[in-house]
Amino acid sequence: MLEHSVSRALVDGILNADSKTKGHLGQQCAAHLGLEACPLGKNGGIDGVGFINQQKIYFQSKLINRPLNAEFADSLYGNLVRHKANIAIVLTGIGYTSGVSQRLKEFDDIEQFKIHLLTLHDYFNETPAFQTASKDLPPLRDLGIEKSF
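Right, dumping it as structure tokens:
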């Protein structure tokens, strides 16, 4: 777990990075989470994929400087169905509006999916939300990047 000031500085730096850098960071997060990172660019909304207990894991990184809203929930649901995923891990910069959870509840079959909505704060500080999501992931990988801090 990082000190709050260090965590905040990392989050601020990521949110102010260019899109290409954010894409690379999303790939690194996927790898750290034990998933296979997908290629940058047009990836059909999937940034990482993996399996645990014969369950397909879908990872999406949205490192933007505003909360994700109900429109994102529509996209997420569509991607889960299209990619035949069982578990979703979403990582965003700031968080989510209440519209995300409200919209997801509107889908009759949403309970077939395990959905973990995480923020960079959760990720860097290994919050209870992150720890819960970790139970639905393969073992975390040590990428060796923390040694430089």
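In this note's numbering, the protein residues as written are 1026 to 1174. Glycine included, every Cβ here is placed at the ideal spot set by N, Cα and C. Note that the structure is a prediction, hence the values are computed from the model and not measured.
Worksheet item: From Asn-1078 to Pro-1064, what does the alpha carbon distance come to, in whole angstroms?
Response: Looking at the two C-alpha atoms, the distance is approximately 24 Å.
Item to complete: Can you tell me the Cβ-Cβ gap for Leu-1027 and Phe-1132, rounded? I've got them flagged as a contact below 8 Å.
Response: Not a contact, Cβ separation roughly 35 Å.
Worksheet item: What are the boundary residues of the beta strand (DSSP E) that includes Thr-1117?
Response: Here the beta strand (DSSP E) through Thr-1117 covers 1112–1117.
Practice prompt. Would you give the residue range spanned by the alpha helix (DSSP H) that Phe-1084 belongs to?
Written response: Phe-1084: not part of any alpha helix (DSSP H); member of the beta strand (DSSP E) spanning 1080–1087, first to last residue.
Worksheet entry | Euclidean distance between Cα positions of Ala-1113 and Ile-1082 | Each residue's Cα considered, the two are about 6 Å apart.
Worksheet item: Among residues of its own chain, excluding the 5 on either side of Gln-1052, which ones have a beta-carbon nearer than 6 Å to its beta-carbon?
Response: Non-local C-beta neighbours of Gln-1052 in its own chain, meaning closer than 6 Å and more than five positions away in sequence, comprise Ala-1062, ordered along the chain.
Worksheet entry | Which of helix, strand or coil DSSP assigns to Phe-1149 | In this structure, Phe-1149 counts as helix in the three-state DSSP scheme.
Worksheet entry | Exposure label - Ala-1034; buried when at least 16 CB within 10 Å | For Ala-1034, the number of other beta carbons within 10 angstroms of its own is below 16, and it is reported as exposed.
Worksheet item: DSSP beta-bridge partners for Ala-1062?
Response: Ala-1062 is bridged to Gly-1073.
Discussion item. By DSSP's criteria, Leu-1143 is part of a beta bridge. Which residues make up the other side?
Written reply: DSSP output for Leu-1143 lists Leu-1116 as bridge partner(s).
Worksheet entry | Presumed contact (8 Å Cβ cut-off) between Gln-1085 and Asn-1111, rounded CB distance | Their Cβ separation, rounded to whole angstroms, is 15 Å, which puts Gln-1085 and Asn-1111 out of contact at 8 Å.
Discussion item. Helix, strand or coil for Leu-1035? Go by DSSP, reduced to three states.
Written reply: When DSSP states are grouped into helix, strand and coil, Leu-1035 belongs to the helix group.
Discussion item. Could you compute how far the alpha carbon of Asp-1167 sits from the alpha carbon of Gly-1120?
Written reply: Within the model, the alpha-carbon separation for Asp-1167 versus Gly-1120 is close to 25 Å.
Discussion item. What does the Cβ neighbour count give for Thr-1117, buried or exposed, with the cut at 16 atoms within 10 Å?
Written reply: Answer is buried; the Cβ neighbour count reaches 16.
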